[in-house]
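Numbering (full-length UniProt numbering), first residue to last: 1 to 226. Even for Gly, the Cβ is constructed at its ideal location relative to N, Cα and C. Report on the following structure.
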Amino acid sequence: MIEWDKIIYDDCLNKINGLSTIPDNSIELGFVDPPFNISYYTNNKESVIYKDDMEESKYTKWCKEWFKQLKRICEIIAIHCGGMNIDMWHDIEHPYDTIYLYKINSPSGGKSTYNRTIFPVLIYGKPKNRLKRDCFEYISNWGWLRKRECLHPCPMNEQFVLDFISQLKPKSVIDPFIGSGTTAFVCKKLNIPWLGYEIDKIYSQDINNLLNEINLKESGLYYWLK
Numbered sequence: 001m002i003e004w005d006k007i008i009y010d011d012c013l014n015k016i017n018g019l020s021t022i023p024d025n026s027i028e029l030g031f032v033d034p035p036f037n038i039s040y041y042t043n044n045k046e047s048v049i050y051k052d053d054m055e056e057s058k059y060t061k062w063c064k065e066w067f068k069q070l071k072r073i074c075e076i077i078a079i080h081c082g083g084m085n086i087d088m089w090h091d092i093e094h095p096y097d098t099i100y101l102y103k104i105n106s107p108s109g110g111k112s113t114y115n116r117t118i119f120p121v122l123i124y125g126k127p128k129n130r131l132k133r134d135c136f137e138y139i140s141n142w143g144w145l146r147k148r149e150c151l152h153p154c155p156m157n158e159q160f161v162l163d164f165i166s167q168l169k170p171k172s173v174i175d176p177f178i179g180s181g182t183t184a185f186v187c188k189k190l191n192i193p194w195l196g197y198e199i200d201k202i203y204s205q206d207i208n209n210l211l212n213e214i215n216l217k218e219s220g221l222y223y224w225l226k
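The following block contains the structure:
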């Protein structure tokens, strides 16, 4: 039995309460924004950097392990893979479809460009509901554009996650690398059962701050939007 609306602060591949303990075909959507393995660095002194520097072969093996578990658990998997990892993911398994997140002011660099603005999201499995488009365009909330301060150095774009999940309308969601808590925040807004894993408990501050913004009692706006 899955305990919904919960963060498990542990490795999603641990044997005690990790992905391997979740029943087959029990969750509709796996939404994944994994570390890109690019030795991520930021000048923001308030941020806390997660581990992001595995050997390439170990990184590929690690991705295969959690992907295998998600395929067993989920009907659909969406992976925000980073442009630098798209070839690796196509080698692991060719996706059913690919959509794109266009961050018009992204500070990220590409292999031969100063700025990478197009980020692929790979879709594995056929969704029951169609997305409205194959390219989602947003302003990146970084630097002084950030809506809120957080310890996590690169929180997922909140509006993209909201648009993506609200259009797919899954009955349940799992995020094995929940980071700053954007997926949990969106699912709570949409009243969708969710489960998340986060190996770095220090980000619980970000997650709790986000979830506490939502008031589902009668006095809150989201109560009447449910």
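Within the DSSP bridge table, the entry for Tyr138 names Lys103 as partners. Check the Cα spacing between Ile7 and each of Tyr100, Lys189, Ser180: the tightest is with Ser180. Ile7 is bridged by DSSP to Gly196. Rounded to whole angstroms, Lys188 and Glu56 show a C-alpha spacing of 35 Å. Contact annotation: Pro170 and Glu28 have beta-carbon atoms nearer than 8 Å. Note on geometry: alpha-carbon atoms of Asp33 and Ile178 lie some 8 Å from one another.
The beta-carbon distance between Thr117 and Pro155, rounded to whole angstroms, is 18 Å. This is too long to meet the 8 Å contact definition.
Counting only runs of 3+ residues, the beta strand (DSSP E) found wholly inside the stretch 52-80 occupies 74-80, in chain order.
Check the Cα spacing between Gly83 and each of Lys126, Asn37, Lys201, Lys68: the tightest is with Asn37. With fewer than 16 other Cβ atoms inside 10 Å of its own Cβ, Lys132 counts as exposed. By the Cβ criterion, the stretch 203-216 is not in contact with the stretch 11-25, since fewer than three pairs of Cβ atoms, one from each stretch, lie closer than 8 Å.
Taking a C-beta distance under 8 Å as the contact criterion, Ile123 and Ala184 do not qualify as a contact pair.
Taking Trp89 as the centre and dropping the five residues before and after it, the same chain places the C-beta of Cys81, Leu122 closer than 6 Å to its C-beta, in chain order. The alpha-carbon separation between Leu168 and Glu3 amounts to approximately 22 Å. If the five residues before and after Ile73 are omitted, its C-beta is found closer than 8 Å to the C-beta atoms of Leu19, Ile22, Pro23, Asp24, Asn25, Ser26, Ile27, Gly30, Ile174, all from its own chain and listed in chain order. CA-CA distance, Trp66 to Leu13, rounds to 7 Å. Rounded to whole angstroms, Arg130 and Gln69 show a C-alpha spacing of 24 Å. Inclusion of Glu137 and Tyr9 in the CB contact set at 8 Å is not warranted, their separation being larger than that value. Between Tyr100 and Asn215, the alpha-carbon positions lie close to 32 Å from each other.
Under the criterion of beta carbons closer than 8 Å, Tyr102 and Cys135 qualify as touching, at roughly 6 Å.
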